[in-house]
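Heads up: the sequence shown at position 39 corresponds to 24 in the working numbering, and the numbers run straight through without jumps.
Glycine included, each C-beta is placed from N, C-alpha and C at the ideal position.
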Amino acid sequence: MRRMLALVLVSLLVVGAGLAASQDKPAQEKEKKEAVAAADPLSGDWEGSVETPNGTITFGLKLKVDKDKVSGEIASPEGSVPLTGTWTEGMLSATFDYNGTPITMAGAIKDDLLGGEMSYGDGQALMPWSAKRQAAK
């Protein structure tokens, strides 16, 4: 009788532990995703705008970080172009070409917004910009 009771108790413990572990899976997956995002807060899709002397222009960013190198593209209503740059100590520095003129983006992430300043040409115009991360699809 004692042996049967011991077997029933052990069985209940094993089944209970298995159920508890399976219920923790969503929480563990969420923690894993948060850890990956903390390690690479820049990669992904962003929607933003820049204040130019001729008005506000909206744009989309697709960014990918590999160590400290950044690659991706910036897209506006006029089309998309590749961009390259660096992500160092929480600071983005990237360059892309607009109609033959280089534009440099500098920025950082603060309060879930990526933003900073764009420099057109050789500093001919400094334009504030900001972007918000898009939800994963």
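Specify the secondary structure class of residue i as computed by DSSP and reduced to three states.
i: A93; result: strand
i: P67; result: strand
i: P11; result: helix
i: A79; result: strand
i: L116; result: Strictly speaking, residue 116 in this sequence is Ala, with Leu absent from that position. Strand at A116.
How long is the line joining the alpha carbons of residue i and residue j, rounded to whole angstroms?
i: A79; j: N39; result: 22 Å
i: T69; j: P113; result: 19 Å
i: I94; j: M76; result: 8 Å
i: E74; j: G64; result: 31 Å
i: Q13; j: W31; result: 26 Å
i: G92; j: P62; result: 22 Å
i: E36; j: I42; result: 7 Å
Using the DSSP secondary-structure output, state which residues sit across from residue i in a beta bridge.
i: G106; result: Bridge partners of G106: none, in fact.
i: G100; result: A93 and S115
i: A121; result: Answer is none; A121 lacks a bridge partner.
i: E133; result: This structure cannot settle anything about residue 133, because the visible part of the chain is limited to -14 through 122.
If I measure Cβ to Cβ from residue i and keep anything under 6 Å in the same chain, skipping five residues before and after, which residues do I get?
i: S104; result: T89 and L111
i: S115; result: G33, L98 and G100
What does a CB cutoff of less than 7 Å around residue i pick up in its chain, not counting 5 residues either side in sequence?
i: K18; result: Because K18 carries a pLDDT of 49, less than 50, the predicted location of this residue cannot be relied on, and the following value inherits that uncertainty. Contacts found: none.
i: V21; result: Residue placement at V21 is poorly supported in this model, since its pLDDT is 48, which falls under 50; the coordinates still yield a value, given next. Hits under 7 Å: none found.
Enumerate in chain order the residues of its own chain whose CB-to-CB distance from residue i is below 8 Å, with the five nearest sequence positions on each side excluded.
i: T71; result: D53, K54, V55, L77, S78 and A79
i: D25; result: V50
Could you give the first and the last residue of the continuous beta strand (DSSP E) run that contains residue i?
i: E58; result: K54 to S61
i: D51; result: G40 to D51
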